[in-house]
Amino acid sequence: MTAPKTAMVLAAGLGTRMRPLTDDRPKALVEVAGQPLIDHVLRRLGESGVERAVVNVHWFSDRLESHLAAWAGGPEILISDERAELLETGGGLKKAAPLLGADPVFVANIDSVWTDNGAPGDSALNQLARLWNPSIMDAALLLARREGSIGFEGGGDFFLADDGRLTFRGEAAEAPFAYMGVHICRPDYVADGPEGPFSLSGFWRRSAAAGRLYGCVLDGDWMHVGDPEARDAAEAKLAGG
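For the record, in the sequence shown the residue sitting at position 23 is 19 according to the working numbering, with numbers rising by one throughout.
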């Protein structure tokens, strides 16, 4: 499949676990290795061929919009305004749907930074795009191995079958893979979701139960930058520490 040309970037969260770094800025503007988190994500998306990114804003929205207005290079930025109400992952995607168009999109969190061992032109995002097949799947998720990941706590999220299908950890003590913050779906994936805030998780569970949730695994190192300690660990990793 052709890689999506449009992305939804989820940048509206309050970043409470990142305090005090988010006392005066949105989490998206917390810097790792000299770059705001959102710049890391936008750069990756641009390298994969994304031409338009819809970014939702809420916390310190004016400051984030000012930063994005000065963004140089691709992708083009559009704003989905959530100043009135923070809508969570599913609600944010539903609100932004009119800006996203009809074709499949990348949906990306802003708190994931990663290294990519793929060959030129064969990045993790491109591999995810090759996996995507809307005839048999509702969503395709990029995963990371728990071992070696930075900033991820917990027993893991998914089991991955040989054909790429995902099942949730459920009652198991642990699972080998964690969702690392990027997936592909149709913009109308959550169209039947409720009005107001809601999570994508329930939709993924529904898709998994129907055998329509798939994934592939990052060949590289994943850093979940969710708090100041993880930010420092990610900086050390990127610096070769």
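Beta carbons: idealized from backbone N, C-alpha and C, even for Gly.
Limits of the unbroken beta strand (DSSP E) element including residue i
i	result
Gly211	Leu209 to Val213
Ser145	From DSSP, Ser145 is part of no beta strand (DSSP E); its letter is neither H nor E.
Asp20	Here Asp20 belongs to no beta strand (DSSP E), and DSSP marks it neither H nor E.
Asp77	Glu72 to Asp77
For residue i, three-class secondary structure by DSSP
i	result
Val46	coil
Thr111	coil
Val178	strand
His220	strand
Ala168	coil
Val53	strand
Pro32	strand
Val101	strand
Ala135	strand
Val5	strand
Ala230	helix
Leu10	coil
Glu27	strand
Arg161	strand
The alpha helix (DSSP H) enclosing residue i, as first and last residue numbers
i	result
Asn122	Ala120 to Leu127
Phe155	No alpha helix (DSSP H) holds Phe155; the beta strand (DSSP E) holding it covers Phe154 to Leu156.
Trp200	Ser197 to Ala205
Ser62	Ser57 to Ala65
Leu96	Glu84 to Leu96
Within 8 Å, strictly: CB atoms of residue i and residue j
i	j	result
Ala104	Leu6	yes
Gly189	Asp107	no
Arg208	Val28	no
Gly9	Trp67	no
Thr111	Val46	no
Ala92	Val50	yes
Leu196	Leu89	yes
Leu214	His179	no
Leu139	Leu156	yes
Glu231	Ser119	no
Ala98	Pro0	no
Arg15	Arg59	no
Tyr185	Phe199	yes
Same chain only: Cβ atoms within 7 Å of residue i, ignoring 5 sequence neighbours per side
i	result
Gly152	Arg142, Arg165, Glu170, Ala171, Pro172, Phe173 and Ala174
Glu61	Val53 and Ile75
Arg242	The requested residue 242 does not occur in the structure, where the chain is confined to residues -3 to 237.
Ala204	Leu162, Thr163 and Phe164
Best match in the options for proximity to residue i [C-alpha to C-alpha]
i	options	result
Asp77	Val53, Gly86, Leu89 and Trp67	Val53
Leu74	Leu82, Leu83, His63 and Ala80	His63
Leu162	Gly88, Gly97, Tyr210 and Phe199	Tyr210
Leu238	Ala168, Asp159, Pro71 and Leu33	There is no way to answer for residue 238, as the model of the chain reaches only from -3 to 237.
Ser145	Leu38, Val109 and Gln123	Val109
Ser131	Met14, Arg59 and Ala206	Ala206
Arg13	Val186, Glu225 and Asn122	Glu225
Glu149	Met219, Ser44 and Ser57	Met219
Pro71	Arg59, Phe102 and Thr85	Phe102
Val37	Phe199, Tyr185, Ala135 and Gly177	Gly177
Arg202	Cys212, Gly69, Asp134 and Gly236	Asp134
Met4	Ile34, Gly69 and Gly30	Ile34
6 Å Cβ shell around residue i - same chain, five flanking residues per side excluded
i	result
Arg182	Pro100
Phe154	Leu162, Ala171 and Phe173
Asp18	Note that residue 18 is Thr in the sequence shown, not Asp. Within the same chain, Thr18 has close Cβ partners Gly11.
Sequence-distant residues of the same chain with beta carbon closer than 8 Å to residue i, five excluded per side
i	result
Gly192	Glu81, Leu83 and Gly87
Asp217	Trp110, Thr111, Gly144, Ser145, Ile146 and Lys233
Ala187	Lys90 and Ala93
Arg79	Val53, His54 and Ser57
Gly270	Outside the modelled stretch of the chain, which goes from -3 to 237, sits residue 270, for which no answer is possible.
Ala229	Ile146, Gly147 and Met219
Gly69	Gly42
Pro32	Ala24, Leu25, Val26 and His63
Gly236	none
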